[in-house]
């Protein structure tokens, strides 16, 4: 574009145009030259320091030895020191006691009572069909011969979520009331949500050892933030006018809380509990690393021995559990479609006469049962505490039925889960794994196949990057590059912070492993972005594609992350690549969702205006929608990076190498707790570094708020 | 003030009721540097300067007034004038920085939390700008809230709530949730909720400003008719000058946290204290506010023919007769005695002058002109 003065314009206008173009060019060259100068500095430094290589190992501060010492001290003093006999042991003992009670009770219940209870809860929240599905889901636990393990996990979840709610709701209420508490909680909660899950495991292991109680404690710490945040949020977003009105009527603070604030905050609190449950379930497998037992243990063991089929069976049980709890709490919070319908059959079958007859028979049965229940429960109407039952005859009746059946079974002898109900798809999966290995690794004897795919990523991306970061680049150059990036994006404070983080990796003695992990993270993030953003753009432009994509993304986000490992292992065997691919799958939804959301949130008027000027769809996308969606897309990239980092340890489970593997080793073997802890710390440093850099970058895309 | 002091009285015991609401130099300053702001205020430094020097916002400054039993006292001001802060200081929803508020003679600043709650439960009530209804409670439970807080039995509070709901014409809506009602109906619920506890003093914080004009007029009329029956003490906040004229027995005009003028609607319309007030009065319906008494000539000589008009009649009432008849009309006081005359020129001159420049001093003592 040359600045030829327009033929009809006055010379004044032409001058202004010329000036504007010059300014534009100068700005572009300036940002270009800044980048070039930065690169030049980095390259020059590298050339000067080419023989330096990785961070000198002798500089490491030996933190892992201290940690091992601390662990030894804990083991030696566990029975004698006051902090254990008065603080940690009582905590540990009471949690253990609670867990035992819940677990024994659940296992004592006859299997059909458990299935019926699961069905009833789901039915009351979501309707009959969901109830039936839930009951079938519960039976699945028994059918794959993991009844005991499943109920162990349920017990663990119950206790962990119970503790989370018991701590989280009061803390949330307090933080809504006291700004100072909220301000001091916020960085803590932020950290808890940014840090990868396993980071809590290590200090917990340090204090409590490896057993179920530390697993519960780690789960609570991990799952606590949402319930605190959403209780706080719920109470804070209660309209201040209603609180003022309550005050004006002379309500005490307690009355205001109970009668005005909590009821209005309830949906938010329940959402928080829902998220807490989902987060707790998402670390079932990681918690199994420190002795949680249950389904997580089965998954872990099976993965370790490459019994892929069995791992998938147990993983699916966790998914079933997660879906059950998610849907039920969702339903209870009134978030889902609130259709408490009695219908059992699909709507499409209702044209058929006998289906309609069946449904109406069911309805009249229900009416009859309700009447029976109501008359049975009516004496309770005046009993405080049980009056609620009288209002819900179905519940009353169901509860009575369950109690009667349970007692009857206890008297008559408790039946085991019948071996007749049993099925297993593990052999099929294992056969599939073999088939894939034999046939897809190299399709039909050609070069093409999953083997080629994983080899290419390894050869052309992961290995060169790892070599580049850990050996070829002199460590001061890496530090310099990160510092320059930090300086450009956030000035001196960010540059200092970034330098400290990178140097920290070296001083922890984790330079090589960190660079290995960094290489994997970079590859996974790039892949997730390359796939995720275009998918988001497509989804934003086509409602049909969005509808198709949504359940897939929902699925990817709901299932626990390690379950992703199973199909990936089937396709790619073990090593770094399956870890990377699983991370991509795990992180993809964030990039896609936020791109889609960002574009869709662009005001209709802006898009319309663009089209009114005759822009093509491509032009509208490039010149209007994408720039306006940039903050959202950047947030998506930020989340993608954090999610990939959260997968580092999971990837370590399947041979991902790097910091993840080191952390896993530390959790598995008590003698390497120290190095595991340090590796975990290195992941945290890496996470904080990338998070801050990306957030600073995101901020540059945020439009300027407010006018004159 | 207390019972025991009466014994020391010599002479007749004066049994005047205490004034329901008295405010003395109530000031509210928002900000962290209160001490500095207070000393500046004591020196008479103006609001902008206080803000510039201390960063503190003077929301209300030296508000002094009292409201008689059964009176409707309207505080009128534009947004940011401090009127909402003032009304909250009256019940200590916002703690005043200085000054005293007395309710029935008791300074409420001295009450502890429990006593303050009792005061709010028993004597005060408030209707809010955005209704402040509880979205999770049915209409009936919204209305009964005050009684519930006081610990009334369910049957009793529902009975009372139904009673009040039917007074505001929402008897059939008890089982709905507030969101299911229109804006006007929601504010009726707000009104019913406030009335349900039978308060002595009712505060209205711009209750009708969120409603559309026709509904607003209905609600104003309804409030007037309720007030005619119940005779409560009302403090009413509004930014609408017409509303103030229509509802207020007395009006305080507020600007930048201070009272510019306090007076009856007539006093304000006929004698605005300054240009700020005059601007509001300019398109005010003067003929509905100014009384015959304020424009009449004192009687000198003979009584004109025709039926006398009352001193308290507003100009609107006599305009048709004046327009039909150029001669003067006799004006009679409460006893029916003719005390003056009013004629067309007099009214035209007053309205004309008032709308052009706003003649100061046009009041009851019109004979000075």
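Protein chains in written order, with the numbering used here: chain A, 3 to 710; chain B, 5 to 373.
Each residue gets a CB set at the ideal place from its N, CA and C atoms; glycine is no exception.
For clarity, every value in this text was computed on a predicted model and none was experimentally measured.
Burial state of residue i (16 or more Cβ within 10 Å)
i                      : result
residue 408 of chain A : buried
residue 564 of chain A : buried
residue 151 of chain A : buried
residue 440 of chain A : exposed
residue 186 of chain A : exposed
residue 234 of chain B : exposed
residue 458 of chain A : exposed
residue 95 of chain A  : exposed
residue 341 of chain A : Annotation note: pLDDT 45 at residue 341 of chain A (below 50); position unreliable, coordinate value reported separately. The residue is exposed, with fewer than 16 neighbouring Cβ atoms inside 10 Å.
residue 282 of chain B : buried
residue 339 of chain A : Unreliable positioning characterises residue 339 of chain A in this predicted model, as indicated by a pLDDT of 43, which lies under 50. The coordinate reading is nonetheless provided below. Looking at its Cβ environment, which holds fewer than 16 other Cβ atoms inside 10 Å, residue 339 of chain A is exposed.
residue 184 of chain B : exposed
residue 374 of chain B : The displayed coordinates of chain B run from 5 to 373. Any statement about residue 374 of chain B would go beyond what the structure contains.
residue 113 of chain A : buried
residue 46 of chain A  : exposed
residue 708 of chain A : Confidence at residue 708 of chain A is low in this model, with a pLDDT of 43, below 50, so its placement is unreliable and the value that follows should be read with caution. Exposed is the call here.
residue 158 of chain B : exposed
residue 366 of chain A : exposed
Helix, strand or coil at residue i according to DSSP, with G and I counted as helix
i                      : result
residue 693 of chain A : helix
residue 263 of chain A : helix
residue 554 of chain A : helix
residue 259 of chain B : strand
residue 33 of chain B  : strand
residue 290 of chain B : helix
residue 278 of chain B : coil
residue 63 of chain B  : strand
residue 334 of chain B : strand
residue 50 of chain B  : coil
residue 644 of chain A : helix
residue 624 of chain A : helix
residue 21 of chain B  : coil
residue 111 of chain B : strand
residue 341 of chain A : Because residue 341 of chain A carries a pLDDT of 45, less than 50, the predicted location of this residue cannot be relied on, and the following value inherits that uncertainty. Coil, per DSSP.
residue 657 of chain A : coil
residue 366 of chain A : helix
residue 345 of chain B : strand
residue 284 of chain B : helix
residue 307 of chain B : coil
residue 265 of chain B : strand
residue 253 of chain B : coil
residue 467 of chain A : helix
residue 222 of chain B : helix
residue 312 of chain B : coil
residue 526 of chain A : helix
Supposed contact pair residue j and residue i - C-beta distance, whole angstroms, cut 8 Å
i                      : j                      : result
residue 334 of chain B : residue 312 of chain B : 4 Å
residue 713 of chain A : residue 233 of chain A : Chain A is shown from 3 up to 710; residue 713 of chain A falls before or after that span and cannot be answered.
residue 586 of chain A : residue 608 of chain A : Actually they are not in contact, since the Cβ atoms of residue 586 of chain A and residue 608 of chain A sit about 32 Å apart, beyond 8 Å.
residue 291 of chain A : residue 302 of chain A : 7 Å
residue 136 of chain A : residue 124 of chain A : 3 Å
residue 91 of chain B  : residue 239 of chain B : 6 Å
residue 200 of chain B : residue 164 of chain B : 6 Å
residue 95 of chain B  : residue 207 of chain B : 7 Å
residue 285 of chain B : residue 266 of chain B : The pair is not a contact, with the Cβ atoms about 15 Å apart (cut-off 8 Å).
(request) At 4 residues or longer, and completely inside the region 24-93 of chain A: list those alpha helix (DSSP H) runs for me, N to C. (result) 65-79
(message) Pairs of beta-carbons, one from the region 101-112 of chain B and one from the region 121-136 of chain B, closer than 8 Å: are there three or more?
(response) yes
(request) Could you tell me whether the region 311-328 of chain B touches the region 286-296 of chain B, where touching means 3 or more Cβ pairs closer than 8 Å? (result) yes
(request) Could you tell me whether the region 683-702 of chain A touches the region 497-513 of chain A, where touching means 3 or more Cβ pairs closer than 8 Å? (result) Between the region 683-702 of chain A and the region 497-513 of chain A, the count of Cβ pairs shorter than 8 Å is three or higher; the stretches touch.
(message) With a threshold of 8 Å, are at least 3 pairs of Cβ atoms found where one atom belongs to the region 529-540 of chain A and the other to the region 465-476 of chain A?
(response) no
(request) Specify whether the region 591-605 of chain A and the region 540-555 of chain A touch according to this definition: at least 3 beta carbon pairs, one from each stretch, less than 8 Å apart. (result) yes
(request) Indicate whether the contact test is met: 3 or more Cβ pairs, each with one atom in the region 164-183 of chain B and one in the region 135-144 of chain B, closer than 8 Å. (result) yes
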